[in-house]
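Encoded as structure tokens, the structure appears first; notes follow it.
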Amino acid sequence: MRLIDAALDLLLGASCHGCERPGASPCPECRALLRPCPQQVAQSAQVGCPVVAAMRYEPPVSSFIIAHKDRQAWQLRGVLGGLLLDTLRALPTAELLVPVPSTPSAERERGYDHTRALAAYCAARLHIPVKRVLTSRSGVDHAKLTAAERADEVRGRFSARPGWGRVIVVDDVITTGATAAECVRTLRAAGYTVSGVVAVAATPAPGGNAAPGCDQLR
Ligand SMILES: [Zn+2]
Numbered sequence: 102m103r104l105i106d107a108a109l110d111l112l113l114g115a116s117c118h119g120c121e122r123p124g125a126s127p128c129p130e131c132r133a134l135l136r137p138c139p140q141q142v143a144q145s146a147q148v149g150c151p152v153v154a155a156m157r158y159e160p161p162v163s164s165f166i167i168a169h170k171d172r173q174a175w176q177l178r179g180v181l182g183g184l185l186l187d188t189l190r191a192l193p194t195a196e197l198l199v200p201v202p203s204t205p206s207a208e209r210e211r212g213y214d215h216t217r218a219l220a221a222y223c224a225a226r227l228h229i230p231v232k233r234v235l236t237s238r239s240g241v242d243h244a245k246l247t248a249a250e251r252a253d254e255v256r257g258r259f260s261a262r263p264g265w266g267r268v269i270v271v272d273d274v275i276t277t278g279a280t281a282a283e284c285v286r287t288l289r290a291a292g293y294t295v296s297g298v299v300a301v302a303a304t305p306a307p308g309g310n311a312a313p314g315c316d317q318l319r
């Protein structure tokens with residue numbers, strides 16, 4: 102399905118992944134909506150450290166994140182990486198960026214490590230290294246799981262190379278926080294100090310305070 106989407110993009114010509122207008126992606130209208138407002142989100146409580154996201158997970162940023170991850174729109178790396186970079190600059194510096202790894206099968210299918218690509222974009226500009234400290238065993242698609250099922254499924258999924266130093270975990274989207282929590286737990290067990298987790302976007306947490314939204318700040 103993903104290859105078909107990419108083939109359609111080629112066949113029909115370029116269009117904005119946010120609003121499907123023909124032309125550049127993002128189009129000027131969507132680009133104007135991609136303004137980061139880094140905020141700590143309610144999922145921080147579950148994750149056990151500050152979790153900061155650039156934006157609320159809603160259109161159009163959600164469409165760009167999906168296109169970058171699943172529709173081979175790898176040219177969006179700079180747009181999404183820029184949102185992440187502004188978010189990282191709002192946090193104390195770390196010695197290392199650690200991307201949340203995809204499952205081996207998902208990465209093979211995509212042919213691209215979308216989270217590492219975003220982390221590398223930021224790392225180059227912040228002059229700190231990015232390393233694949235975490236690896237993931239195979240897992241199942243979380244889309245149809247409840248929050249409790251996600252937390253259960255992800256437990257023990259990751260392993261980390263032992264090390265030390267202050268690290269920031271990088272992800273594209275925070276939903277329940279279960280994956281980020283397991284990454285943080287695994288890194289701490291391997292000897293690292295986790296300063297925080299950053300993401301391009303976060304969904305509103307059930308029962309929590311609002312996920313980041315620029316409209317709250319303007
Ligand atoms: Zn657009």
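Positions in the sequence shown are counted from 1; adding 101 to them yields the working numbering.
Quick reminder that beta carbons are idealized off the backbone N, C-alpha and C, glycines included.
Asked, Found
"Contact check, G119 vs C131, beta carbons under 9 angstroms", "yes"
"Length at least 4, wholly inside the region 151 to 222: the alpha helix (DSSP H) runs in chain order", "162 to 171, 178 to 189 and 205 to 211"
"Contact check, V153 vs L192, beta carbons under 9 angstroms", "yes"
"Residues bridged to I275 (per DSSP)", "A303"
"Stretch pair the region 237 to 253 + the region 212 to 219: three plus CB contacts closer than 8 angstroms", "no"
"Close beta carbons around D316, own chain, < 6 angstroms, minus the five adjacent residues each side", "Its pLDDT being 43, under 50, D316 is placed unreliably by the model, and nothing is read from it."
"Residue environment, G124, which counts as buried when at least 16 other CB atoms sit within 10 Å", "exposed"
"Three-state secondary structure (DSSP) of P123", "strand"
"Host beta strand (DSSP E) of L246 (start-end)", "It is not in any beta strand (DSSP E) - L246 carries neither H nor E in the DSSP assignment."
"Collapsed DSSP secondary structure at T236 in the structure displayed", "strand"
"Ligand 1 heavy atom lying under 8 angstroms from the CB of G119", "yes"
"Straight-line gap, L177 to F165 (C-alpha atoms, nearest Å)", "7 angstroms"
"Rounded distance between the beta-carbons of V301 and A96, thought under 8 angstroms", "Here the chain comprises residues numbered 102 to 319, so residue 96 is not present and cannot be evaluated."
"Closest Cα partner of W175 within the set A279, P127, R233 and P151", "P127"
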